[in-house]
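2 protein chains.
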Amino acid sequence: MRPTLRQLQYLLAITDTGRYADAALRVNVTQPTLSEQINQLELELGARLIERGRHGAILTPIGRVVAERARRVLQDMEELKSAARSGEDGLSGRVRMGALPSVGPYLLPEAIKRLHAAYPDFRLMVREERTAELAAGLAEGTFDMAIATASDISAAQADHLFTESVWVCSAPNDPLAASREPVTLADLAGRELLSLGRGHKVTAIAQVIAAEADCRLSSEYEGTSLDAIRLMATTGVGLAVLPGIYTMREALRDPDLMVRRIDHPVARRELSLLFRASSPLADSFAVIADALRQTAAGFPPQAFVRN
Amino acid sequence: MRPTLRQLQYLLAITDTGRYADAALRVNVTQPTLSEQINQLELELGARLIERGRHGAILTPIGRVVAERARRVLQDMEELKSAARSGEDGLSGRVRMGALPSVGPYLLPEAIKRLHAAYPDFRLMVREERTAELAAGLAEGTFDMAIATASDISAAQADHLFTESVWVCSAPNDPLAASREPVTLADLAGRELLSLGRGHKVTAIAQVIAAEADCRLSSEYEGTSLDAIRLMATTGVGLAVLPGIYTMREALRDPDLMVRRIDHPVARRELSLLFRASSPLADSFAVIADALRQTAAGFPPQAFVRN
DNA sequence: TATTTTGTTAGGTAAAACCTATTTAACTAC
DNA sequence: GTAGTTAAATAGGTTTTACCTAACAAAATA
Numbered sequence: 053m054r055p056t057l058r059q060l061q062y063l064l065a066i067t068d069t070g071r072y073a074d075a076a077l078r079v080n081v082t083q084p085t086l087s088e089q090i091n092q093l094e095l096e097l098g099a100r101l102i103e104r105g106r107h108g109a110i111l112t113p114i115g116r117v118v119a120e121r122a123r124r125v126l127q128d129m130e131e132l133k134s135a136a137r138s139g140e141d142g143l144s145g146r147v148r149m150g151a152l153p154s155v156g157p158y159l160l161p162e163a164i165k166r167l168h169a170a171y172p173d174f175r176l177m178v179r180e181e182r183t184a185e186l187a188a189g190l191a192e193g194t195f196d197m198a199i200a201t202a203s204d205i206s207a208a209q210a211d212h213l214f215t216e217s218v219w220v221c222s223a224p225n226d227p228l229a230a231s232r233e234p235v236t237l238a239d240l241a242g243r244e245l246l247s248l249g250r251g252h253k254v255t256a257i258a259q260v261i262a263a264e265a266d267c268r269l270s271s272e273y274e275g276t277s278l279d280a281i282r283l284m285a286t287t288g289v290g291l292a293v294l295p296g297i298y299t300m301r302e303a304l305r306d307p308d309l310m311v312r313r314i315d316h317p318v319a320r321r322e323l324s325l326l327f328r329a330s331s332p333l334a335d336s337f338a339v340i341a342d343a344l345r346q347t348a349a350g351f352p353p354q355a356f357v358r359n
Numbered sequence: 053m054r055p056t057l058r059q060l061q062y063l064l065a066i067t068d069t070g071r072y073a074d075a076a077l078r079v080n081v082t083q084p085t086l087s088e089q090i091n092q093l094e095l096e097l098g099a100r101l102i103e104r105g106r107h108g109a110i111l112t113p114i115g116r117v118v119a120e121r122a123r124r125v126l127q128d129m130e131e132l133k134s135a136a137r138s139g140e141d142g143l144s145g146r147v148r149m150g151a152l153p154s155v156g157p158y159l160l161p162e163a164i165k166r167l168h169a170a171y172p173d174f175r176l177m178v179r180e181e182r183t184a185e186l187a188a189g190l191a192e193g194t195f196d197m198a199i200a201t202a203s204d205i206s207a208a209q210a211d212h213l214f215t216e217s218v219w220v221c222s223a224p225n226d227p228l229a230a231s232r233e234p235v236t237l238a239d240l241a242g243r244e245l246l247s248l249g250r251g252h253k254v255t256a257i258a259q260v261i262a263a264e265a266d267c268r269l270s271s272e273y274e275g276t277s278l279d280a281i282r283l284m285a286t287t288g289v290g291l292a293v294l295p296g297i298y299t300m301r302e303a304l305r306d307p308d309l310m311v312r313r314i315d316h317p318v319a320r321r322e323l324s325l326l327f328r329a330s331s332p333l334a335d336s337f338a339v340i341a342d343a344l345r346q347t348a349a350g351f352p353p354q355a356f357v358r359n
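Residue numbers (this note's numbering), protein chains in the order written: chain A, 53 to 359; chain B, 53 to 359.
Quick look at the structure:
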């Protein structure tokens, strides 16, 4: 692209030295080269920039404003280079993560804090989406990575994080509240289950459980957030089906709610860190996955299923 | 200079289209060229910018910040180009003028106003200096032009503007105040003349007159501005020697001062617009000189010597 | 008039940027 | 699981251009 950056450098060298020969020395070319390139620059810009003569080289008024702007262009380029260089080692820059809304708010704040402490230049931009949107965003490049169930997004590469248990929550006066032991599917027979709206992973799990246990899944009271269905459960309209991490973080401390783990092979959710196989951020993913696992390790063990 | 502006353009084309082939089309090169240049860009910056694959081209986090900065660099370059183009026709930009302090304040404000009305993009930067500094500044390129006496700065090319008459001013009770006719040198014999400090053109003229008329030039009360020596003259300590334009603009309306023209071939000052012969601003100089002459034409004719 | 200083012009070379054609890689479809 | 499709990468050759050395022209000084 004309003018060339090099031509601008030449112009500045002449501006600073006031003499072609000295300027040529400074930019490590011969004086004729400089002369030719400056002529070309003037031709391209359609303006006389330099007044030549025995006195050396003097800038014209236009030459002065061009030189000033040239300085700025070169400065910007230097900044670009150093910005690129800053990302050389370790984690840095803005990495975009997609996360299921049933994990993100309860796991990521702490994990981000942990990562930020170790890598101050690192910024994780999180956006909550449902499984289908995460898959699409990952494919298109809207996300660099995502936290979701690996089996739902087969196109991506997965780094397994942990397997959540699934819990059922009821009002304290509910018959289920009589025990704290894990419930069997038989205990749920005929009951009404509450879950998030269509498209959410927890809803998909609740659907499978509902089919197995022969109970209905509420479509009348579809919640939009886990907090919403938790609060519905406290009123006794049904049983909230909640994932382990959320249950430990939010439901356990609610005195108006009783929680019991569901004891069944299908009542689990394997969460992984997902990314495109072609992504060059492999090292970063390992570090981030570690941070997420460490954060998860801080939760009560009941939140997870061993292995 | 690496990276090249063209490489940045290529990066942006890929950023916008998300596909090498489409990007190549947009920047009018073939896909392999693009591929090679981007590889080189990555090598130069030492960072992976693009994640390639069947899905097309997706930017890495570092790639995103580099692309953002690239946009800025190219934008700055566009601005540089249009800045250069803006000076193509007529007067524009910041032209630096040097002027004798005995002309500048009394002639230039009006001339600048006139020029600015005709050429809105034009800015004249004026700096007042004595003859020697004007000569040096013109040679070094500190000034694009100067208003001074051509014969004093022979190295420069001159465009004659006008020839000022020289006046002598006295207190109203001075014997010289008896008439309004031009004074001869005989009238000044034995008197004390007041002028600016050493190095000023008006002082040089006063010195010649003092030598011819056999009178002293005050070194005890050397003024630094024409206003200062005018005020000294009103106190009766001596006769102020003042140039025509200043006399018309400032001295004439002072009721405590009588002014008379000096009638002698040496009592004149030829002022020219001076510039380096090599300066490419020849067209501009003609326009500026015209504006100065027109401004001068607005003064009373006594300020000047015909021819 | 000779000399020095400063930038320009000429002619040739080596590096780069590009091109066409081909190859590789990773999905998709049958 | 093979064939087809759609991306980008590689190979080999051509053109452009940035650069060099050498010779030249202009202007100022000795």
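The beta carbon of each residue, even a glycine, is placed where N, CA and C say it ideally should be.
Where does residue i land, buried or exposed, given buried means 16+ other C-beta within 10 angstroms?
i	result
Leu95(B)	exposed
Glu103(A)	buried
Gly249(A)	exposed
Ala73(A)	exposed
Glu203(B)	In the sequence under discussion, the amino acid at residue 203(B) is Ser, which differs from the Glu named in the question. Flag for Ser203(B) reads exposed.
Ala263(A)	exposed
Ser330(B)	exposed
Gly350(A)	exposed
Asp196(B)	buried
Arg182(B)	buried
Ala19(A)	Past the boundaries of the shown model lies residue 19(A); chain A is included only from 53 to 359, so the question cannot be answered.
Ser336(A)	buried
Arg207(A)	The residue asked about is misnamed: residue 207(A) is Ala in this sequence, not Arg. Exposed, because fewer than 16 other Cβ atoms sit within 10 Å of the Cβ of Ala207(A).
Pro55(A)	buried
Val372(A)	Outside the shown range of chain A (53 to 359) lies residue 372(A), about which nothing can therefore be said.
With residue i and residue j assumed to form a contact (beta carbons below 8 Å), what rounded beta-carbon distance in angstroms separates them?
i	j	result
Arg328(B)	Thr215(B)	Arg328(B) to Thr215(B), Cβ: 23 Å. No contact.
Gly251(A)	Ala136(B)	About 56 Å; that fails the 8 Å criterion.
Arg146(B)	Thr347(B)	Their Cβ separation, rounded to whole angstroms, is 20 Å, which puts Arg146(B) and Thr347(B) out of contact at 8 Å.
Val46(B)	Ile257(B)	Only positions 53 to 359 of chain B appear in the structure, and residue 46(B) is not among them; the question remains open.
Leu93(A)	Gln59(A)	4 Å
Ser154(A)	Lys253(A)	7 Å
Leu160(B)	Ala170(B)	Leu160(B) to Ala170(B), Cβ: 15 Å. No contact.
Leu344(B)	Leu213(B)	5 Å
Arg71(B)	Gly108(B)	4 Å
First and last residue of the beta strand (DSSP E) that includes residue i?
i	result
Asp211(B)	Gln209 to Ser222
Pro295(A)	Leu291 to Pro295
Ala341(A)	From DSSP, Ala341(A) is part of no beta strand (DSSP E) but of the alpha helix (DSSP H) over Ala334 to Ala349.
Ala198(B)	Met197 to Ala200
Leu325(B)	Arg320 to Phe327
Arg179(B)	Phe174 to Glu180
Check whether the Cβ atoms of residue i and residue j sit closer than 8 Å, and answer yes or no.
i	j	result
Met420(B)	Leu246(B)	Past the boundaries of the shown model lies residue 420(B); chain B is included only from 53 to 359, so the question cannot be answered.
Ala122(A)	Leu63(A)	yes
Met149(B)	Pro224(B)	no
Arg78(B)	Thr69(B)	yes
Gly193(B)	Val178(B)	no
Glu419(A)	Asp279(A)	This structure leaves residue 419(A) out entirely; chain A is present only between 53 and 359.
Asp128(B)	Val117(A)	no
Leu101(B)	Ile114(B)	yes
Leu323(B)	Ile199(B)	yes
Thr286(A)	Asp315(A)	no
Ser222(A)	Leu291(A)	yes
Gly288(B)	Cys267(B)	no
Ile164(B)	Leu326(B)	no
Leu57(B)	Leu57(A)	yes
Gln259(B)	Arg313(B)	no
Leu237(B)	Ala265(B)	yes
Between which two residues does the alpha helix (DSSP H) harbouring residue i extend?
i	result
Ala280(B)	Leu278 to Thr286
Thr183(A)	Thr183 to Glu192
Ile314(A)	Segment: none, Ile314(A) is in no alpha helix (DSSP H) and carries neither H nor E.
Glu162(A)	Gly156 to Ala170
| said: Which complete alpha helix (DSSP H) runs does the region 62–147 of chain B hold, if anything under 4 residues is left out? | reply: Listed in chain order, the complete alpha helix (DSSP H) runs (minimum 4 residues) inside the region 62–147 of chain B are 72–78, 83–97 and 113–138.
| field | Inside the region 233–272 of chain A only - beta strand (DSSP E) runs reaching at least 3 residues | value | Segments of the beta strand (DSSP E) lying fully in the region 233–272 of chain A: 244–246.
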